[in-house]
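Enquirer: Structure in structure tokens, see below.
Numbering (our numbering), first residue to last: 444 to 796.
The structure is reproduced here in structure tokens:
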């Protein structure tokens, strides 16, 4: 594990970074929430989150330094001081098993759909480094390589992308995967992962249609419900194949409340659930190392320096991987709909089976 010693105020900034990373907003948010400076020393900063489900991969690469004659706040607003010159570095993504590598090209994230929030740092241009297409495979090890053209050593970081996930509780072998919710109990969602899947988010895509009393469909919609966030898998191996168990309980009351807050009363019409999906997203082995480091520092006094986790060979930042599995053909069961007819939050939504 590599660490970088920072003053206490930098730790607070890194805690903000952790919040954004765990929410999966690595590209758009992380670099506007910290400030790192060292006299007359260039400090590389890099953040990347790669996934086999992405058609392109983006890496944020910046630098930090302190000019004794210019305010750090002023420097932060100068893009030329924030980013490496285009010809100063070459960036590669390498599969360490096959040694195949692809170049990353500098692009303006503002034009790619990753608009940088205005704040302490210059937001135009918003330089990112992007692959030209998909390259990442589940379960494989990848290395980020930043070659500096001034003769300094390469900056590197490695991560292992989590292998494919498997649902246990919703029986993926079934053609129709039925799920039930109750306002008095919870619904279990359980899955399996390899060692590289650590933190998980669970979302439900809830599809429904609205019909007139004579059966004419007048409206279809799909809602995205963020049912559970930052669920950490268990540490004990289960079964063969080196898999670990992930498990969480989903609140039925929160399901009913989500529907009541996002669907208007039906009036004379009726609603019917269509087949939806459960989205399981997980990764963050490096994030766990960061949390362990941050937790160990929580008791230190303000007079001390703090070690901050980074998996870069120089500078700081996090290069990590994630994976995703979508369980389709999920149906809300009839018992749930009967409960919705009686629940004060949902009875005026008029769902039928």
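No residue lacks a Cβ here, since even glycine has one placed at the ideal position from N, Cα and C.
Leaving out five residues before and five after residue 616 in sequence, what residues of the same chain have Cβ atoms less than 8 Å from its Cβ?
Expert: none
Enquirer: In the DSSP assignment, find the unbroken alpha helix (DSSP H) run with residue 780 in it and report its ends.
Expert: 777-785
Enquirer: Going straight from the alpha carbon of residue 578 to that of residue 763, what length do you get?
Expert: Cα to Cα, the separation comes out at about 15 Å.
Enquirer: For residue 646, which residues from the same chain have a beta carbon less than 7 Å from its beta carbon, with the 5 sequence-adjacent residues on both sides left out?
Expert: 667, 668, 669, 670, 722
Enquirer: Can you tell me whether residue 772 is buried or exposed? The criterion is at least 16 other CB atoms within 10 Å of its CB, across all chains shown.
Expert: exposed
Enquirer: Just to confirm, is the Cβ distance from residue 713 to residue 795 under 7 Å?
Expert: yes
Enquirer: Compare the Cα-Cα distances from residue 681 to each of 638, 660, 663, 751 and report the closest residue.
Expert: The candidate whose alpha carbon is nearest that of residue 681 is 638.
Enquirer: Express the C-alpha separation of residue 692 and residue 676 in angstroms, rounding to a whole number.
Expert: 13 Å
Enquirer: For residue 736, which of helix, strand or coil comes out of DSSP?
Expert: Note: residue 736 maps to helix in three-state DSSP.
Enquirer: Near residue 688, what residues of its chain come up, given a Cβ to Cβ distance below 6 Å and the 5 sequence neighbours on each side ignored?
Expert: Cβ-Cβ distances below 6 Å link residue 688 to 677, 681 in the same chain, with the five nearest sequence neighbours on each side left out; the list follows chain order.
Enquirer: Is it buried or exposed for residue 885, if we count other Cβ within 10 angstroms and need 16 for buried?
Expert: Nothing about residue 885 can be reported from this structure: the residues present for the chain run from 444 to 796 only.
Enquirer: Could you have a look at residue 697 and say whether DSSP puts it in helix, strand or coil?
Expert: helix
Enquirer: My understanding is that residue 571 touches residue 502, with C-beta atoms under 8 Å, so please give their C-beta distance in whole angstroms.
Expert: A Cβ-Cβ separation of about 7 Å places residue 571 in contact with residue 502 under the 8 Å criterion.
Enquirer: With which residues is residue 726 paired in a DSSP beta bridge?
Expert: 642, 765
Enquirer: For the alpha helix (DSSP H) containing residue 633, list its first residue and its last residue.
Expert: Per DSSP, residue 633 lies in no alpha helix (DSSP H); the unbroken beta strand (DSSP E) holding it starts and ends at 629-636.
Enquirer: Checking 7 Å against the spacing of the C-beta atoms, do residue 786 and residue 699 come in under that value?
Expert: yes
Enquirer: Could you check where the alpha helix (DSSP H) with residue 569 kicks off and where it finishes?
Expert: Taken as a continuous stretch (DSSP letters only), residue 569 belongs to no alpha helix (DSSP H), as it is neither H nor E.
Enquirer: Mind checking which residues open and close the alpha helix (DSSP H) that includes residue 553?
Expert: 552-555
Enquirer: Can you tell me whether residue 466 is buried or exposed? The criterion is at least 16 other CB atoms within 10 Å of its CB, across all chains shown.
Expert: Because residue 466 carries a pLDDT of 34, less than 50, the predicted location of this residue cannot be relied on, and no value is offered for it.
Enquirer: Name the one or two DSSP bridge partners that residue 533 has.
Expert: 590
Enquirer: For the stretch 668-698, list the beta strand (DSSP E) runs that are entirely contained and at least 3 residues long, ordered along the chain.
Expert: Counting only runs of 3 or more, we get 686-694.
Enquirer: Taking the beta carbon of residue 673 as the centre, do at least 16 other beta carbons fall within 10 Å, making it buried, or is it exposed?
Expert: Exposed is the call here.
Enquirer: Using the Cα positions of residue 665 and residue 593, report the straight-line distance between them to the nearest angstrom.
Expert: 52 Å
Enquirer: Report back the beta-carbon spacing between residue 724 and residue 644 to the nearest angstrom; my notes put them in contact at under 8 Å.
Expert: 5 Å
Enquirer: Write down the C-beta distance between residue 775 and residue 632 rounded to the nearest angstrom, noting that I regard them as a contact closer than 8 Å.
Expert: Actually they do not touch by this definition, with Cβ atoms about 14 Å apart.
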